[in-house]
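One structure is given here, and the rest of the page talks about it.
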Amino acid sequence: MLNLLIGPVAELAGTWLKGRVERGAAKTEAEVAKKKAEAVVYQRKANAEIDWDLEAIKGASTSWKDEWLTILFSIPMILAFIPGMEGIVAHGFEQLSQAPDWYFYSLGIIVSASFGFRGAAKFFKK
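Take the position in the sequence shown, starting the count at 1, then add 1473; the result is the number in the working numbering.
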């Protein structure tokens, strides 16, 4: 009689345990799939940043904007070494200190677009 009772209980326990193992495996598979998807997103983001920089470099090969910005940013530095021009440089920076924030954000975007976003981002973080 005990044998008649033990068989169904063991089968029930086995079925329960099998279901639990399958649920655990499904949960693990879902977590692995999620991590793989996140890795793909990060890879695509990195590739997009590299592609952006490459396009900026290609565009710069036929453009004067990089040279123009370099000359423009060099003018105050050059004038600072010319006797009698120091006051003009100081006055210019004093006037710029009163410029609105949007002006400097816009300038940062222009420089970033010209020299490549990642390079400019490193520069502005300093």
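By construction, the Cβ of each residue, glycine as well, lies at the ideal position given by its N, Cα and C atoms.
- Counting along the chain, M1550 sits inside the alpha helix (DSSP H) bounded by residues 1538 to 1552.
- Residue state for I1582 is assigned as helix, using DSSP reduced to three classes.
- DSSP, reduced to helix, strand and coil, places Q1571 outside both helices and strands of the structure shown, so it counts as coil.
- Here the alpha carbons of E1484 and V1505 stand approximately 31 Å from one another.
- Around the C-beta of F1566, fewer than 16 other C-beta atoms lie within 10 Å, and the residue is accordingly described as exposed.
- Listed in chain order, the non-local C-beta contacts of F1588 below 7 Å within the same chain comprise D1539, local neighbours out to five positions each way being set aside.
- Taking a C-beta distance under 9 Å as the contact criterion, V1584 and L1527 do not qualify as a contact pair.
- Shown here, G1557 sits in coil according to DSSP, grouped into three states, outside any helix or strand.
- Contact between V1562 and L1569 fails: their C-beta atoms lie close to 11 Å from each other, not under 8 Å.
- Around S1579, the same chain offers no residue with a beta carbon nearer than 6 Å, after the five sequence neighbours per side are excluded.
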